[in-house]
Each structure stands twice: as structure tokens, then as C-alpha cells.
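In the UniProt record's numbering, the protein residues as written are 1 to 313.
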């Protein structure tokens, strides 16, 4: 009996050692989790700019937007106006992600990544920065031309698409790399630090830009991203031309990294996209509010204020 007990104990020990050995083999055979691949901002910026032509600079017309909503097309709309303005009335089905609040980055993982996301603000300018940050996170975001005040609300019959009942943000969380989330949050938090300064929202007003130019401030470089022919016809004195097209990626490294870049386009919409891209690359870039100015933005904009321009030699 005693001998049988010893044999049983030896067998049990052998089985225990065998099972432990198998567990160790299984553990050692399981590969260690790979560290997430680093996100290349340079590649993102180059890809974003390369796709400008096919995406029509990531801006959709206000007429097309209103017609899509009116016809009942299944759309995902992000209204980044203030919460009180959204509550008064907004496009049917739009969710509210107020600009200048933490919602601008906290909402990112909850926005769909498998469909177009239509973003609008008041004038189309802050939406330009917003769609850059969204696209960095894999969201197919586009901006509505001229936003609510200068675009949507000027379309005939736009009242047909309005509602006051809010639509909540979805609850499905999508995977967004931690590095990307950090970059997006950093952009908006740095922007918040500019509140109350001449560079609030990473903008500069026409008047403040004129004062900088008159003072011949050597720490500032004006950058026109308009087409070369428009630049040649008339541009802000001292401005260099870096057209907003795929070739911009090759010209960005030539920009001074030790100066504040005052970027301007026609209406401030494309320049805000450019500011978003440049700031991701580490440049201190701000957008000239309403750009050179157009009939739609009047009386806002550099030229609409009667400020001087020079022609290329």
C-alpha cells in the first residue's frame, strides 16, 4: 500500500512537471506584441496634398450639401458651431462638436471611418483645420464651402433642411493610434492657449497683419498659397508663393522654420487646411482671416479692406 502511494505521488509529480513544461513552451511560443508603427506626419502631409485634385481640395459646394440633405441622402454631418447656435437650428441629422472645446479631440474616436463626414463651421475656415485633424485619424472628412453663414444659409430653400432636435454622437469607438490622438489634442490645446491674443484660433486679422507688415517685423513671413497667376497679378508685399497643390509638399521644407508664417489664400478656407498641415510639421503657422477676400466674404479680407498689394516683377 505504501509502495503504491509512492508510485502515485511520483506519477503526479511527473504529470505536474510535464504540464508546466507545456505551459512554458506555449508561453515562450507566443510572440511578444509588436509596438504600434510610428505615424509619419511627413507621409500624411504628402498624401493629403497629393490627393487635393481628386478631392477638390476637400471642399464640397454649399448647394450640393443642401441638396443632399434635402433629398434624404444618408449623411454624417458634424456641425462645429457653438452649442447655442446648433440648438437654435442645424442641418437635419447633424451632430454638434463645438469648436474650441475638448470635444474637438474627444469625439475623434467616435466619428465613422468608413464614410464621408461633412464638416461645417460659420465661414468654412475653422472647418479647414478640423478636417485635417480628422483625416489624420483616418476619417474621410470634407468641409462645406463657406460654412453656415456665408454658404449654407445663402442657398435658396435651405430652410427645408433645418431642425432643432439634436442628434447625439455615436457610441461605437474606433481604433485611433495613441500617437495620432496626442497630436490632435496637442493642436487644439496649443490653439486654446492663443485665446485673447492676436493669433486666437491660429488666425490673424487683416488689421493685425497689416500692422505686422507696416512694422517690417522680421520674425514673420507672409505665404501666399494662391495660384501663381493670381500671385503674380497682386500679392501682399514680401509674401512668397507656395501654391496649394500637390507640389506644395516639395516646397514646404524651404519655408523658414524660425518665423511665424502668415498663410493666406482667397477666402481663408484652404489656408486653414494648410495651417493644420504646417503645424503638424512643427511650423508656427497662422491663417490670415478671410484671406485676400472674395465678393462672398466682403467686407472681410485683405483686398476687400483696400490694403495694398504688389505685382510680381
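All residues carry an ideal CB built from backbone N, CA and C; glycine is no exception.
Starting from the Cα of residue 310, find the closest Cα among 287, 238, 250 and give me that residue. Counting from 1 along the chain shown, the entry for residue 310 is found at position 310. Minimum Cα distance to residue 310 is reached at 238.
On the CB-based measure, 16 or more other CB atoms within 10 Å of its CB, does residue 313 come out buried or exposed? Numbered from 1 along the chain shown, position 313 holds the residue referred to as residue 313. That one is exposed.
Where residue 23 falls, given that 16 or more other Cβ within 10 Å makes a residue buried: In the chain shown, the residue the question calls residue 23 occupies position 23. Interpretation of residue 23 is limited by its pLDDT of 35, a score under 50 that renders its predicted location unreliable; the figure taken from the coordinates is listed afterwards. When all chains shown are included, residue 23 counts as exposed.
Does the region 220 to 232 come close enough to the region 254 to 266 that 3 or more CB-CB pairs lie under 8 angstroms? yes
With a threshold of 16 other CB atoms inside 10 Å of the CB of residue 270, please say whether the residue is buried or exposed. Position 270 of the chain shown holds residue 270. It is buried - the Cβ of residue 270 has at least 16 other Cβ atoms within 10 Å.
Chain C beta carbons: is any one of them nearer than 8 angstroms to that of residue 43? Considering every chain present, this structure includes no chain C. It has just one protein chain.
Looking at C-alpha atoms only, which residue of 40, 58, 41 is the closest neighbour of residue 245? The residue you call residue 245 lines up with position 245 of the chain shown. Answer by Cα proximity: 58.
Touch check for the region 137 to 146 and the region 111 to 120: three-plus C-beta pairs under 8 angstroms? yes
Roughly how many angstroms lie between the CA atoms of residue 72 and residue 248, to the nearest whole one? Locating residue 72 in the chain shown gives position 72, counting from the first residue. Locating residue 248 in the chain shown gives position 248, counting from the first residue. For residue 72 and residue 248, the distance between alpha carbons rounds to 38 angstroms.
Tell me which same chain residues have a C-beta within less than 6 angstroms of the C-beta of residue 234, skipping the five on either side of it? In the chain shown, the residue the question calls residue 234 occupies position 234. Same-chain partners within the cutoff: 309, 311.
If you measure from the CB of residue 176, is any heavy atom of the ligand SAM nearer than 7 angstroms? Of ligands this structure carries none, so the ligand SAM is not represented either.
First and last residue of the uninterrupted beta strand (DSSP E) at residue 264: On the chain shown, residue 264 is found 264 positions in, with the first residue counted as 1. Segment 260 to 264, the beta strand (DSSP E) holding residue 264.
Once DSSP output is grouped into helix, strand and coil, what is the label at residue 131? As a first step, residue 131 must be located in the chain shown, where it is residue number 131. Three-state DSSP puts residue 131 in a helix.
Quick one: what does DSSP say residue 162 is sitting in, helix, strand or coil? For the purposes of this step, residue 162 is identified with residue 162 of the chain shown, where counting begins at 1. The answer is strand: DSSP assigns residue 162 an E or B state.
For residue 96, count the other beta carbons within 10 Å of its own beta carbon; 16 or more makes it buried, fewer makes it exposed. Which is it? Against the chain shown, residue 96 aligns to sequence position 96. Under this definition residue 96 is a buried residue.
For residue 96: DSSP bridge partner residues: For the purposes of this step, residue 96 is taken as residue 96 along the chain shown, with counting starting at 1. Residue 96 is bridged to 79.
Chain-order list of residues whose beta-carbon lies under 7 angstroms from that of residue 169 (same chain, five-residue window excluded): As a first step, residue 169 is located in the chain shown; it is residue number 169 there, counting from the start. Cβ within range, chain order: 95, 107, 110.
Beta-carbon contacts of residue 39 that lie in its chain and below 7 angstroms, excluding the five residues immediately before and after: In the chain shown, the residue the question calls residue 39 occupies position 39. Around residue 39: 177, 179, 180.
Inter-residue spacing [alpha-carbon to alpha-carbon] between residue 267 and residue 142: Translated into positions along the chain shown, residue 267 becomes position 267. Translated into positions along the chain shown, residue 142 becomes position 142. Rounded to the nearest angstrom, the two C-alpha atoms are 16 angstroms apart.
Going by DSSP, what residues sit across from residue 323 in a beta bridge? Because residue 323 is not part of the residues shown, which for the chain are 1 to 313, the question remains open.
Measure the Cβ-Cβ separation of residue 272 and residue 101 and say whether it is below 8 angstroms. As a first step, residue 272 is located in the chain shown; it is residue number 272 there, counting from the start. As a first step, residue 101 is located in the chain shown; it is residue number 101 there, counting from the start. No.
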